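Peer 1:
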Ligand code: ZN
């Protein structure tokens, strides 16, 4: 794991400004390399985290193994790894506990953040959330649906503004159509 190199990033941003034909020394741009460096340090903070460590999995004798646990519409912001432009939207996550094992509900939005805060593409973000949750909780199955807007297509006019891209991940019990439908119905109702 390499440390965050602020000096290199500031020099690089300055060079981008020169390369696009602007003057990095004009008033409005003077602080820009430093500002971008601070923003990137925060937006890509997961690159400096070894693994997702904030999970707390516990056993509940009350958790019904057949019941779905659903957290719908968790907002996320990420950067597309092809253009370094934002893509953002919402993530809905569901899982079906096995042997009463559950994860603290507040940990799921943190997991989403962890996966989002590095350069990524929506398809991989979706499956990384699913696989990570599968690994952490070892449930009967995991379902993830991500709905997002992509600035790299919208700003360049490739896609109409406000159009959404949907991706999904289904494992284990959610390969079963009835379970999948129940999850999709649940996130629609929330
Ligand atoms: Zn892109």
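Residue numbers (my numbering): 27 to 216.
Glycine included, every Cβ here is placed at the ideal spot set by N, Cα and C.
Computed from a prediction, not measured in an experiment: that's the story for all the values here.
Let me confirm a value: residue 63 is counted as buried when at least 16 other C-beta atoms fall within 10 Å, else exposed. Which label applies?
Peer 2: Its Cβ being crowded by 16 or more others within 10 Å, residue 63 is buried.
Peer 1: Please report the straight-line C-alpha distance between residue 187 and residue 147, rounded to a whole angstrom.
Peer 2: Looking at the two C-alpha atoms, the distance is approximately 19 Å.
Peer 1: Which residues in the same chain have their Cβ closer than 7 Å to the Cβ of residue 136, if we skip the five residues on either side of it in sequence?
Peer 2: Excluding sequence neighbours, residue 136 sits near 80.
Peer 1: Out of curiosity, what's the CA-to-CA distance linking residue 207 and residue 145?
Peer 2: Rounded to whole angstroms, residue 207 to residue 145 spans 31 Å at the Cα level.
Peer 1: Checking the sheet assignment: what are the DSSP bridge partners for residue 128?
Peer 2: According to DSSP, residue 128 bridges with 84.
Peer 1: What I want to know is whether the C-beta of residue 74 ends up closer than 8 Å to one or more non-hydrogen atoms of the ligand ZN.
Peer 2: No; taking the cut-off as 8 Å, the Cβ of residue 74 has no heavy atom of the ligand ZN nearer than that.
Peer 1: Identify, in the order they occur along the chain, each residue of the same chain with its Cβ nearer than 6 Å to the Cβ of residue 102, setting aside the five sequence neighbours on each side.
Peer 2: If we look at residue 102 and ignore the five residues flanking it on each side, its Cβ neighbours are 117, 138 and 142.
Peer 1: Could you work out which residue in 82, 201 and 73 is closest to residue 161 when comparing CA atoms only?
Peer 2: The option with the nearest alpha carbon to residue 161 is 82.
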